[in-house]
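Residue numbers (the numbering used here), protein chains in the order written: chain A, 1 to 294; chain B, 1001 to 1294.
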């Protein structure tokens, strides 16, 4: 699959050829013949905040520092005004230690767990809904032409998506340009890596769109809102609570985006209907995210 | 989609028409026209073991008692020799209390969390790998004809799978017969509901096959092995660690099952090659799990 170099390329795009991310494994196929398959790696990464062990995440292992920063940020353990004094990744020990100027202790928060649903359920410490209090999302415009452009660009980007269902991706976008495309076996890792990149670079959220694979669950909506991003879009469907929360926080929620079609179940007031639908291709019959050579 | 009544029907099959599981939500489509959509419900369910709060699971809410029993069993908090003295579901409080004859306390275990990957990541308390020590899986045979029969039957069963990516399903099978088909927004919930059903009914695991949607991650392999089920199969792909663990515990791992094809990356010694491949249909072009009327 040739890489299409756009005038505005991705800042971070998947690197399907990165050797560390996959491994060839041998087995047999349906005829009993030997079959060699490229499968995605999955490694444990233990995240520490100032000496306190927080969680062990299973990840493909491409951006451990971003994953740690983003996880802590999205869990509300790393605050907006925190000064990060260090991020130390030890490849051998499979650990990342994030250090802040502020002394931290999250014993109580770590006790209350919510196992969430959705494709790539994460561990959400503390009260899920607490973090949403006081969240306001900006009244920015969302042009429908951007949605179609993003879909098209993202869908033709070579990814680690080697086999159906092996990987989830989430892409941080601005207007019609995909910027940071992260993948992982767990979707919440992909989102956290984006959040970590934003912490590291200081990149703002109010002018962004988050595009994701997989369904728009309550946890995805909460994460997106807490990251300050006003628009969340996916090819997939919704859950009722995801829609409810989106409406509560004023997030624009776009799902079932395929070909010319989409459904907006929240925040439609941001939409600017500028797309010329006749120029948007219908969905290909066997449409899938394009994969790298297997 | 008409229901096909087989001589050997499911013991439990999805009930896509159950009103409590979905809700109609209104929004707009790509033309700005009003669009009414049926979306899946997602509710919190807090699970207690003998008065101790363990976790809150986000679930579609169809089998709360099985979910609680199975979750606790799969986390190693409910032991094989435990006597369950009560399972109390309170629909209003959205809680389930599981009571055992044995006094329990899991403070320490609850502190160590692993956020796992995969589609429907669960919360895995304690050391993931610890539970696998001493697990032995039986040397049963697995006829390839069973795999094709199961695929065919499961794929034509009406399910809650209203929109692509909205729901995950896992099916407990015996030989060529699907028995218990559970779905949920989180795949690990679906697996736990099956485990809970097995606790409740006393149904054995050694003669079973677990068929699942989504990828064969380390967590799915561990859960299956700890449930004592020797075979795990999916349409989707593998992760390297999932394969490694399967080989360690001697589990038969079958992935990428589509049409006539599949790949076995572990436990191929159980396979009995009795299928007549010429009688197995090729995969339909736009094959998807058949959904109920939208």
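Glycine residues also receive a C-beta, built at the ideal position from the N, C-alpha and C atoms.
Rounded to a whole number of angstroms, what is the C-alpha to C-alpha distance between residue i and residue j?
| i | j | result |
| --- | --- | --- |
| residue 1241(B) | residue 15(A) | 20 Å |
| residue 256(A) | residue 148(A) | 12 Å |
| residue 1184(B) | residue 101(A) | 42 Å |
| residue 199(A) | residue 9(A) | 21 Å |
| residue 146(A) | residue 219(A) | 25 Å |
| residue 1136(B) | residue 1228(B) | 8 Å |
| residue 1055(B) | residue 1279(B) | 47 Å |
| residue 1251(B) | residue 277(A) | 50 Å |
| residue 1141(B) | residue 1264(B) | 14 Å |
| residue 1268(B) | residue 1191(B) | 23 Å |
| residue 1221(B) | residue 1206(B) | 15 Å |
| residue 953(B) | residue 186(A) | Since the first residue shown for chain B is 1001 and the last is 1294, residue 953(B) is missing from the structure and cannot be characterised. |
| residue 144(A) | residue 177(A) | 13 Å |
| residue 1051(B) | residue 1077(B) | 13 Å |
| residue 68(A) | residue 1249(B) | 31 Å |
| residue 31(A) | residue 1253(B) | 16 Å |
| residue 1188(B) | residue 266(A) | 28 Å |
| residue 259(A) | residue 212(A) | 16 Å |
| residue 35(A) | residue 25(A) | 8 Å |
| residue 321(A) | residue 1029(B) | The structure shown does not extend to residue 321(A), since chain A is modelled only from 1 to 294, so the question has no answer here. |
| residue 1283(B) | residue 1156(B) | 13 Å |
Decide if residue i is buried, meaning its Cβ has at least 16 other Cβ atoms within 10 Å, or exposed.
| i | result |
| --- | --- |
| residue 125(A) | Annotation note: pLDDT 39 at residue 125(A) (below 50); position unreliable, no value reported. |
| residue 1073(B) | buried |
| residue 1294(B) | Confidence at residue 1294(B) is low in this model, with a pLDDT of 23, below 50, so its placement is unreliable and no value can be given for it. |
| residue 133(A) | exposed |
| residue 1103(B) | exposed |
| residue 1090(B) | exposed |
| residue 105(A) | exposed |
| residue 230(A) | buried |
| residue 1139(B) | exposed |
| residue 1158(B) | buried |
| residue 20(A) | exposed |
| residue 117(A) | Its pLDDT being 34, under 50, residue 117(A) is placed unreliably by the model, and the measurement read from it follows with that caveat. Counting Cβ neighbours within 10 Å, residue 117(A) comes out buried, since at least 16 surround it. |
| residue 93(A) | exposed |
| residue 1233(B) | buried |
| residue 97(A) | buried |
Applying a beta-carbon distance threshold of less than 8 Å, which residues of chain B neighbour residue i?
| i | result |
| --- | --- |
| residue 204(A) | Those within 8 Å of residue 204(A) in chain B number zero; the least Cβ separation is about 27 Å. |
| residue 133(A) | None at all; the shortest Cβ gap to chain B is about 17 Å. |
| residue 240(A) | 1022, 1023, 1025, 1039, 1040, 1041 and 1042 |
| residue 248(A) | By Cβ distance, chain B contributes nothing, its closest Cβ being about 14 Å from residue 248(A), past 8 Å. |
| residue 332(A) | Look at the range of chain A in this structure, 1 to 294, and you will see that residue 332(A) is not part of it. |
| residue 144(A) | 1030 |
Could you list which residues in chain A have their beta carbon closer than 7 Å to that of residue i, in chain order?
| i | result |
| --- | --- |
| residue 1084(B) | Correct list: empty, because the minimum Cβ distance to chain A is about 21 Å. |
| residue 1243(B) | 25 and 39 |
| residue 1061(B) | None at all; the shortest Cβ gap to chain A is about 11 Å. |
Going by DSSP in three states, residue i sits in which element: helix, strand or coil?
| i | result |
| --- | --- |
| residue 183(A) | strand |
| residue 1324(B) | This structure does not reach residue 1324(B), given that chain B is present from 1001 up to 1294, and the question cannot be answered. |
| residue 1092(B) | coil |
| residue 203(A) | coil |
| residue 1102(B) | coil |
| residue 1144(B) | helix |
| residue 154(A) | helix |
| residue 1019(B) | helix |
| residue 160(A) | coil |
| residue 1131(B) | helix |
| residue 10(A) | coil |
| residue 1114(B) | Residue confidence is low: residue 1114(B) scores 45 on pLDDT, short of 50, so the model does not pin down where it sits. Its coordinate-derived value is still stated next. Three-state result, residue 1114(B): strand. |
Name the chain B residues that come within less than 7 Å of residue i, Cβ to Cβ?
| i | result |
| --- | --- |
| residue 218(A) | 1042 and 1058 |
Along chain A, in chain order, which residues have C-beta atoms closer than 8 Å to that of residue i?
| i | result |
| --- | --- |
| residue 1262(B) | 29 and 30 |
Kindly list, in the order they appear in chain B, the residues whose Cβ is closer than 9 Å to that of residue i.
| i | result |
| --- | --- |
| residue 265(A) | 1025, 1026, 1027, 1028, 1035, 1037 and 1039 |
| residue 268(A) | 1027, 1028 and 1032 |
Give the interface partners of residue i over in chain A, defined as CB-CB distance under 9 Å, in chain order.
| i | result |
| --- | --- |
| residue 1277(B) | 30 and 31 |
| residue 1273(B) | 30, 31 and 32 |
Any alpha helix (DSSP H) of 4 or more consecutive residues that is wholly inside the segment 1219-1294 of chain B
1240-1249
Which runs of the beta strand (DSSP E), 3 residues or longer, sit entirely within the segment 25-89 of chain A?
34-40, 43-49 and 52-59
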